[in-house]
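These notes concern the structure reproduced below.
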Amino acid sequence: MAEDTRLDAPITAVTVFRQGARITRTGAASLQPGLRSVVVGGLPAAADPASVRVAVRGQNAALLEVEVRRGYGADPLRDETARLRAEVERCRDTIQELDDENAAEQARLSFAGHLSEAAATALARAVGFRRAGHDELTVMADHLSAATASALSHRRDISARRRAASRELEAAEQRLADAERRAGPVAFIDVAAAVEATAEAQAEIEVSYHVAGASWRPLYDLALTGQQLTLGYLAEVTQQTGEDWPEAEVVLSTTSRGQHQELPELRPWYIGHAAPPRPMMKAQLMAAASAAEGAFAAGGPAEPFRAAAPAPAAPLVAEVSESGVSQTYRVPRPLAVPSDGSPHKTTIARLDLDAKLDYLAVPVMAPEAYLRATVSNTSPLLLLPGTARIFRDGQYAGETALQTVATGEEFELQLGVDDRIRIERELRRRSTSKAVIGTTRTVDIAYETTVENHGSAKAAISVRDHIPVSTDGEIKVRLREASPSVSEQTDLGELAWELSLDPGQAATIRYRFTVEHPAQVSVSGL
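Just so we're aligned, residue 975 is where the sequence shown starts under the numbering used here, counting upward by one.
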């Protein structure tokens, strides 16, 4: 076989997964008849050797074998380090030149001061002997003053330029220190492809491989105007794979590795008769008593043991395509991503969706009304979990979070507090009946909630409140009155009212409940 032929194969395409990326390099080779080894070098050390694939396209050429070689080379930052060192020396020379210039101006000031003293003495004598007048004295004073002011102005300018040069020197020294810290032998991977040509041929050789250290995450912009919701679907790409990605075609894939690499299998779930507790030894009893005393001093019973939950496993629009159970988004413009971990954003899509708006108010917990939007994903896109910025009528209104939303699925968005809906809840009654021992005592409680719509459109408002839930058969809780009638009441005591208020309209919700219990029983939590 002839000696190796080095092939220049730059990065031409990148597919970024939720974790990791697949890199594609492409180069053209002129092949002579016979067997030849074509080497594509410079793959990063993070490349997975098992993932390397090679394709040869062209007439009269065939791929016979692929070999992946790992090696170590000299510091590729050597030239960069030399350049940075020269830049540091240039900055130091600049500072020295400014110091010399400042020294010259200082000498000029000293000479002007000496000349001023000598001239003042000579002119004073000349004026005394009437050989000079006050005009000559004024001219000399003006000249010396102008020379001094010019020298001081030059020194201020030199001082400003020296401060700027010092900052530049500090930055250059930091860059040099970072480069020297990264210097050293660097691992690399070469891919050698054995290609046989039956005749002279032009072939395109494509090498692809998978690397770790790259990812993308979805981001969203939610802009609400009236009942129309515009959803901006963005992607933030970061990578620290050891090689910079030049401007190339980028594809984003929703593929994510599962928590289990193999299909999970169910195992039998056994239950049985509980074993009787083992008798506690004296030392254990004393330790338990001490723990109980500590819990009592802290204000309550000891917290029961809970097993820790397992940690979770680690405006152009994109062209969308399906690939098995995942989707891929082809970014419309080439995207360059350096290997420095900095985020780079690109747009996947911008969707106009119809939103059904309403408000949720829980005045017992918060005196605000929260705007909600019920939306159907009518797009062909899979919306992945991510943070979303909210804009209402062009104004930033906060952040929320999106969960996974499939095509055609209905989902709910939290759009923040709307101050145009005013809510006030007040305790209107709390009375306890008098009772003698052996009879029943009744606690009568009433609340009133006022809801006002100060907005410019009709508002649907869901108001939630609650009444106590008894855990004791001797304690009875009864809802006595509710105006308007509740639209829903759950077994856990939750009450719901559905209001529809025109602009400027207000509504009042009143409800009353009683708690009945034996007079000798104390009720907690009320």
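Beta carbons: idealized from backbone N, C-alpha and C, even for Gly.
This one's a predicted model, so the numbers in the text were calculated from it and none came from an experiment.
Checklist entry - So is residue 1316 in contact with chain C if we call contact Cβ pairs under 9 Å? => result Of the chains in the structure shown, none is chain C; there is only one protein chain.
Item to complete: Let me know the secondary structure DSSP gives residue 1062 once reduced to three states.
Response: helix
ask   = Which residues share a DSSP beta bridge with residue 1243?
value = Partner(s): none; residue 1243 has no beta bridge.
Check your understanding: Is the beta carbon of residue 1143 less than 9 Å from the beta carbon of residue 1068?
Key -> yes
* Name the DSSP bridge partner or partners of residue 1427? -> 1395
Problem set entry | Three-state class that DSSP yields for residue 1085 in the structure shown | helix
*Inter-residue Cα distance where the pair is residue 1017 and residue 1164*: 6 Å
Exercise for the section: Measuring alpha carbon to alpha carbon, tell me which of 1376, 988, 1448 ends up nearest residue 1196. Expected result: 1376
Which class does residue 1202 belong to by DSSP, given the choice of helix, strand or coil? strand
**Prompt:** Exposed or buried, which one is residue 1192 when buried takes at least 16 other CB atoms within 10 Å?
**Reply:** Buried, since its Cβ has 16 or more Cβ neighbours within 10 Å.
Taking residue 1184 as the reference, give the member of 1479, 985, 1058 with the closest Cα.
-> 985
Spatial neighbours of residue 1438 in its chain, beta-carbon cut-off 6 Å, leaving aside the 5 residues before and after: 1336, 1470, listed in sequence order.
Task: Classification of residue 1234 by the beta-carbon crowding that lies within 10 angstroms, buried from 16 upward - done: Unreliable placement is indicated for residue 1234, whose pLDDT of 43 sits below 50; the coordinate value is still reported in the next sentence. Residue 1234 should be labelled exposed.
| Residues near residue 1146 by beta carbon distance below 6 Å, same chain, minus five either side | Apart from sequence neighbours up to five positions away, the residues of its chain that approach residue 1146 with a beta-carbon distance below 6 Å are 1061, 1062, 1065, ordered along the chain.
Return helix, strand or coil for residue 1176, following the three-state DSSP convention. strand
**Request:** Evaluate residue 1392 with the Cβ neighbour count: other Cβ atoms within 10 Å of its Cβ, from every protein chain shown; 16 or more gives buried, anything less gives exposed.
**Result:** buried
* Asked: Who are the near neighbours of residue 1479 in its chain, counting only those whose CB is closer than 6 Å to its CB and skipping five residues on each side?
  -> 1427
Q) Mapping DSSP to helix, strand and coil, what is residue 1116? A) Here residue 1116 sits in helix by DSSP.
Which parts of the region 1315-1379 are runs of the beta strand (DSSP E), unbroken and 3 residues or longer, counting only runs that do not cross its ends? If only complete runs of 3 or more residues are kept, the region 1315-1379 shows the beta strand (DSSP E) at 1318-1335, 1343-1350, 1360-1366, 1369-1376, in order along the chain.
Spatial distance of residue 1000 from residue 1012 (CA atoms)
12 Å
Simplified DSSP state of residue 1228, which is helix, strand or coil:
coil
Less than 9 Å separating the beta-carbons of residue 1348 and residue 1418? no
Range covered by the beta strand (DSSP E) that runs through residue 1019: Careful: residue 1019 lies outside any beta strand (DSSP E) and carries neither H nor E.
Starting from residue 1490, follow the beta strand (DSSP E) in both directions and report where the run begins and ends.
1480-1492
As a quick exercise: from 1031, 1198, 1004, 1044, pick the residue whose alpha carbon is nearest that of residue 1331. 1198
Note to self: Whole angstroms are fine: how far does the CA of residue 1345 sit from the CA of residue 1239?
What the structure shows: 44 Å
Fill in: beta-carbon residue 1379 near the ligand ATP non-hydrogen atom, thresh 8 Å
What this structure holds is no ligand at all, so the ligand ATP is not there to describe.
I need the straight-line Cα distance from residue 1129 to residue 1321, nearest angstrom please. 52 Å
>> residue 1327 and residue 1228 - do their beta-carbons sit closer together than 9 Å?
In response: Against a cut-off of 9 Å, the Cβ pair of residue 1327 and residue 1228 comes out as no contact.
message = If you follow the beta strand (DSSP E) that residue 1464 is in, where does it begin and where does it stop?
response = DSSP places residue 1464 outside any beta strand (DSSP E), giving it a letter other than H or E.
Review point. Excluding the five sequence neighbours on either side, which residues of its own chain have a C-beta within less than 6 Å of the C-beta of residue 1079, listed in chain order?
Key: 1125, 1128, 1129
Buried or exposed: which applies to residue 1215, given that a residue is buried once 16 or more other Cβ atoms fall within 10 Å of its Cβ? Its Cβ being crowded by 16 or more others within 10 Å, residue 1215 is buried.
When the Cα atoms are used, what is the spatial distance from residue 1414 to residue 1493?
-> 5 Å
Exercise. According to the Cβ coordinates, are residue 1188 and residue 1212 closer than 9 Å?
Worked result: yes
Review point. If you compare alpha carbons, which of 1397, 1430, 1452, 1491 is closest to residue 1424?
Key: 1397
Keeping to the same chain, check which residues put their C-beta closer than 6 Å to that of residue 1284; ignore five residues upstream and five downstream.
In this prediction, residue 1284 has a pLDDT of 39, which is less than 50 and means its spatial position is unreliable; nothing more can be read from the coordinates.
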